[in-house]
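Under this note's numbering, the very last position in the sequence shown is 430; numbers go up by exactly one each time. In this text, a Cβ means the ideal position worked out from N, Cα and C, and glycines have one as well. See structure below.
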Amino acid sequence: MITMLTVGSIITEKVIDVDYLGQGVIKHDGYVIFVPKLIDGELAKIKITKVKKNFCQGQVVDILEASPDRNQDVSQLDALNLYHMLPSRQLAWQEKTTVETFKKIADLDISLDETIYDDRYINYRNKSVFHVIEDSVLRLGLYDTTKNNIVDTDDFILSDVVTNKILKFINDAKFKIEKNGLTHVVFRTNLKGEILVTFVSRKDQIRGLTQVVEALQMFSFVVGITFNVNRNHKVILGKESTTLFGENIIRERLNGIDMLINDRAFFQINVPVIEKAYQLIKDDLSNNDVVLDAYSGIGSIGYYIYDRVKKVIMVESNKQNINLAHQIRDQFDVNNIEISYQRAELYQAKESIDKVICDPPRNGLMPEFVDTLLQMKPKKIYYLSCDVKTLSRDVNLLKENYMIESIHPIRMFYHTTSLETLVVLKQN
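What follows is the structure, given as structure tokens:
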């Protein structure tokens, strides 16, 4: 007998799959039901929370038969949406999701190469953003799984040790501060254990912030404190920052060069893992190559490979990233790097480009840049992606002219559903 599911219905079913969002997939009387924090093979009692025409959402009431791949520790933080899986299962999930996405979007049956990862399952993030809880004392936290409530957070397992030390200090100190004055606090760190702290507000001044800054100055590893005014609710940080202490720069050494990173610059969040991907690219280059580094940011890839190739042309549309890239080049006297301030899709090569490296935002390559690649005809394209769906879409657009030489999933962010990938394409 087919039963009609409604909000509040309780069912017991076995999970048959895990989707790209990390949700368990259940089929029941013609319904497809998506339930967070379940692993395929588990038998669970489920409460229906939303009913649509073609699918339902549910939440776990009880797990009756648990997977051997289940992490027995639990978290109520939305940021840890894959924490219920053991790290080894997370790797398998990423590989499966990558293969399925390429098949669905690009109609390609792919074979994966070795996944790039390390064994730092926790404390790997060098950038962390915390919400400021509405209170007359300064308290920092993260959203819970409902995405409606901010939970006081004294220790976030993904943030590195230095971040957690300052996080706990701020929450324990209970600094009196203007209520609703701050929106976020952003921490940037490096592998040397230094930290840059940024307070974000919609207002130009915040009562009580001075005492917080004075207290943080006492830590020798705090290299800078900045104040960022942002009235745009769609992004965390505004365009301008004021330095309150030290300097608005933190340095991370790559390939013998100090990357200069300010509070708003783009930089990779897990350096040891992404460095492995950079090295794979570098090992495939030759000293006669002219390389286009599109969406170059401050130049972390370009400065990693510059001593391997004839020339690197960095193309970047963010002015502050361009300024930092120039400072790095001047400071380390690198003479085979050209820096171009423009959108990648508008770039017109003045010389033959042998190979292209692109690390675009989550929305992938602009159609105009795909056309640029097809006209430029580089021998190889190294595509670093933070979204396997847009990656598959772009590879599909290139596949008549380029074939996949290798695909490396990158497990950059354990305990989350964020998927990083390196694809190497070569001319057909």
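**OP:** Measuring alpha carbon to alpha carbon, tell me which of Ser420, Val131, Met316 ends up nearest Glu340.
**Re:** Met316
Subject >> Ile412 versus Val163, Gln207, Ala346, Thr117, residue with shortest Cα-Cα distance >> reply: Thr117
Original post:
Can you list, in chain order, the residues of its chain whose CB lies under 7 angstroms from that of Val449, leaving out five sequence neighbours each side?
Top reply: As shown, the chain starts at 3 and ends at 430. That puts residue 449 outside it, with no answer to give.
Original post:
My guess is that Val224 and Ile251 are in contact by the Cβ rule of under 8 angstroms, so how many angstroms apart are they, rounded?
Top reply: Actually they are not in contact, since the Cβ atoms of Val224 and Ile251 sit about 13 angstroms apart, beyond 8 angstroms.
Original post:
Thinking C-alpha only, which one of Asp295, Asp361, Leu294, Asn290 is nearest Arg310?
Top reply: Asn290
Subject >> Local conformation of Lys284 per DSSP, three classes >> reply: helix
Subject >> Residue interval of the beta strand (DSSP E) (run including Asn325) >> reply: Taken as a continuous stretch (DSSP letters only), Asn325 belongs to no beta strand (DSSP E), being part of the alpha helix (DSSP H) at 321-334.
Original post:
DSSP three-state call for Phe371: helix, strand or coil?
Top reply: helix
Original post:
Per the contact definition of three or more C-beta pairs closer than 8 angstroms, is the segment 181-197 in contact with the segment 241-258?
Top reply: A contact exists between the segment 241-258 and the segment 181-197.
Subject >> Proximity winner among Gly226, Lys176, Val237, relative to Gln213 (alpha-carbon distances) >> reply: Lys176
Subject >> Contact set for Ala346: own chain, Cβ-Cβ below 6 angstroms, skip 5 residues either direction >> reply: Ala296, Tyr297, Val317, Phe371
Original post:
Excluding five sequence neighbours on each side, which residues of the same chain lie with their C-beta closer than 6 angstroms to the C-beta of Tyr384?
Top reply: Ile283, Ile359, Val426
Original post:
Since Tyr305 is in the alpha helix (DSSP H), which residue starts that stretch and which ends it?
Top reply: In the DSSP assignment, Tyr305 falls within the alpha helix (DSSP H) that extends over 302-307.
Original post:
In chain order, which beta strand (DSSP E) runs of at least 3 residues are fully inside the segment 143-218?
Top reply: 152-154, 184-191, 197-203, all fully within the segment 143-218.
Subject >> CB-CB length for Ser1 against Phe104, believed under 8 angstroms >> reply: With the chain covering only 3 through 430, there is no way to say anything about residue 1.
**OP:** Look up Tyr343 in the DSSP assignment and give the residues it is bridged to.
**Re:** Glu318
Original post:
How about Val293 and Thr100: are their beta carbons less than 8 angstroms apart?
Top reply: no
Original post:
Asp396 by DSSP, collapsed to three states: which one?
Top reply: helix
**OP:** Quick one: using the 10 Å Cβ neighbour count with 16 as the cut-off for buried, is Asn173 buried or exposed?
**Re:** buried
Original post:
Does Val202 come within less than 8 angstroms of chain D when only Cβ atoms are used?
Top reply: In the structure shown, chain D does not exist; there is a single protein chain.
**OP:** Determine the burial state of Asn430: buried for a count of at least 16 other Cβ atoms within 10 Å of its Cβ, exposed for fewer.
**Re:** Per the 10 Å Cβ criterion, exposed.
**OP:** Return the Cβ separation of Val53 and Ile12 in integer angstroms, given the expectation that the two are a contact with Cβ distance under 8 angstroms.
**Re:** Wrong, their Cβ atoms sit about 14 angstroms apart, outside the cutoff.
Original post:
Across which residues does DSSP place Arg127 in a beta bridge pair?
Top reply: Ser161
Original post:
Could you give the distance in angstroms between the alpha-carbon of Tyr306 and the alpha-carbon of Ala279?
Top reply: A direct Cα-to-Cα measurement between Tyr306 and Ala279 gives close to 11 angstroms.
Original post:
Would you report the Cα separation of Ile355 and Ser408, rounded to the nearest angstrom?
Top reply: 21 angstroms
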